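Here is the structure we will look at, set down as structure tokens.
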Amino acid sequence: MDVNEDPPFVNSPEHLDSSEVHRQDEKLQRGNHSLAHSDHDEIISSLLQTIRTNGTRRTLTQFYVHNLLRMSLLRHGDQSRATSNPTGLELSPEQDPGLPPRLVQFGVGITLETDTETTDPQSFEQIATYLLELKNWYARQGSSHLPLDSPMADPYFGMVWRELTTLRHADGFQMLEKAYRAYKPWEQEMEELLGFSIEDAVYYTRELTDWITPRLEGQDTEVARWSPSLLDFSQKAIELTDEAVWVSEETLVDWCDDSPRFQNFLERLVVEPGTASGFRTPVDVNPLERAPFIRTGDEFLLPLPRTVLYALANTFYYDLIDSEYQGEFQLRFGDWLEEWTGDCLSKVFSKDDIIRNYTYEYDGEEVEGDILILHDDEPVIIECKGKKLRAETRKGNFGGIDAIKEDIERGIGDAYHQADRLVTGVQSGQITEIETSDGTTICLEPSTLEDAHRWLVLGESYGSIATRDFAKILDITPVPYVCDIYDLQVLAEVLESPERLLHYVRQRTRQTTVQLRRPGTQYVNSKTFSSDEIDYLAVYKRNGWEFPPGARRITGAGDNLREDAIDSIMDSGEFQFTF
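First residue of the sequence shown? That's 1 in UniProt numbering, and the numbers climb one at a time after it.
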């Protein structure tokens, strides 16, 4: 496309076709492309060759152009979405344009395998086509591993599909809260290892976010005026984006902090093109998950704030677990999850109802429990598990079914057995009392836990494994309620009373149980289904605090609810970090 003095598209982004990417994807699925039905290595090889001739910096900038156009379309579509889809149920392609977020992240990550100048400029459409065909390759292979009507097909392939398409179901500020809670007790160790603290990391992230956000505001509209489509950008659009998203180190230092601590922060979180290696599939650990800042020469590619927030939550774990502090760190790292879970529940239940960190005798040994809620005649036993999903599990059926089973058993399964041990022990008379952390003894009668709920709170998003599919993998009865800490925080914000929260959990647990009764028809006989717990919550709230009858997919229903809840939490000052 030729560059004119005036932008060719005045009413931006109205000229953009929001279904363009989806039509290209459907074309590939029908086999109407030279790439169709290529194998994995052929697709990756062709993608890397295209990136090398296109040039590393140009490719990285093109990904940013695509992301800006997608953001513009999403904002433009907010009003029409509210009118055409007031229930917030499944988004149509026209309402959710662009490449899947995780696929874009993979594209940026694999671009870091290269470090080349532009020799033959390529259109972004060619790069996007390789990425879409890679996604379709996984879809084809997934259906060949297990029959589609197998009750195991969805949980196993669902894991890899999550890695291919969606970001985690958690807000960026929640990830920052996790980082602050998890690493605050290790400030001295971080100082020694890295030369900065988690307080510094949060401060620098805040300063950079306050600078990056207004820098990009309105840029998407201007870029769209020079772009005929989501996949076809003019050179002018690329140049405008390049000027906005690449900055010198001097500019970053002037804006944020001219100090050795900030230099240490940047050095720890930076990755340079050509230095990343061994990253060949979307289900491997992306270089951006450890280092979200990209540097080439003396310039940095500004990361989207969400990318930095997610990286902060996880990347310092590797510094501490690989250090001389490994033993103590491994022993105490999960404390942040128990503390945050208790804080969330204290918004709903009274302090007198919540017992944290209790102990009891079982089979001659002292056993620790995380949280026990004694509320009226509906006690709740809560066990927290911060277990990370291994890389092999994130690969779904491509990493091996045994790996998934092992991770789910060690995460959800172990937590369930810990909660169930207290219930069965009390009901059998083997456990008669517990001791609280302040030394108080509480006697428990067999009838005390007769109608007890077993809740399991995870420190990491397990996606559909947690919302519905764990019961197909684990042989556990009765079925517990499982959620992650990020969803629990939103639940506690929206369901403000014990009665409403308990009612919601009863209905959600019943749904999981219903899905389990007829293997192979896990959706047909379920009222609603999604991999995001807050989608369920949104439908429950909109339907007058009940789940509506009839099966329906509810993907995306909770997006606005999550955002509103996080805004409310921020306004009330409940996050421990200062932002």
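Heads up, the beta-carbon is just placed ideally off N, CA and C, and yes, glycines get one too.
Please read these numbers as outputs of a predicted model, since none were measured by experiment.
Contact between Val65 and Thr241 holds: CB atoms are separated by about 5 Å, below the 8 Å threshold.
CA-CA distance, Met175 to Leu312, rounds to 8 Å. Leu231 sits in coil when the DSSP states are folded into three classes, being neither helix nor strand.
Its chain contains Leu269, Pro303, Thr307, Val308, Ala311 as the residues whose beta carbon lies nearer than 7 Å to that of Pro292, once the 5 sequence neighbours on both sides are disregarded; these appear in chain order. Around the beta carbon of Ile294, 16 or more other beta carbons lie within 10 angstroms, which makes this residue buried. In the three-state reduction of the DSSP assignment, Gly369 falls in the strand class. Under the three-state reduction of DSSP, Phe300 is assigned to strand.
In the structure shown, Lys385 adopts extended strand secondary structure according to DSSP, grouped into three states. Around the Cβ of Gly274, a 10 Å sphere holds fewer than 16 other Cβ atoms; the residue is exposed.
Around the beta carbon of Trp226, a 10 Å sphere encloses 16 or more other beta carbons of the protein chains shown; the residue is thus reported as buried. Leaving aside the five residues that flank Leu99 on each side, the residues in its chain whose CB is nearer than 7 Å to its CB run, in chain order, Val21, His66, Ala128, Leu131. Residue burial annotation: Gln24 is buried, with at least 16 other C-beta atoms found within 10 angstroms of its C-beta. Between the region 483-494 and the region 424-438, the count of C-beta pairs closer than 8 Å stays below three; the two stretches do not touch.
The residue among Gly218, Arg102, Leu389 with its C-alpha nearest the C-alpha of Thr165 is Arg102. Under the three-state reduction of DSSP output, Asp484 falls in the strand class. In this chain, the alpha helix (DSSP H) harbouring Asn54 covers 40-54. For His453, the enclosing beta strand (DSSP E) stretches over residues 453-458. Rounded to the nearest whole angstrom, the CA to CA distance from His37 to Gly31 is 7 Å.
Following the DSSP letters along the chain, one finds Asn357 inside the beta strand (DSSP E) bounded by residues 354-362. DSSP lists Phe300 as the beta-bridge partner residues of Arg295. DSSP places Ser568 in the uninterrupted alpha helix (DSSP H) bounded by 559-571. A direct Cα-to-Cα measurement between Asp363 and Ile442 gives close to 19 Å. Counted as a single uninterrupted DSSP element, the stretch harbouring Thr221 is not any beta strand (DSSP E) but the alpha helix (DSSP H) occupying residues 219-224. CA-to-CA, the gap between Glu207 and Pro498 works out to about 38 Å. DSSP places Trp211 in no beta strand (DSSP E) but in the uninterrupted alpha helix (DSSP H) bounded by 198-216. Around the beta carbon of Met570, fewer than 16 other beta carbons sit within 10 angstroms, so the residue counts as exposed.
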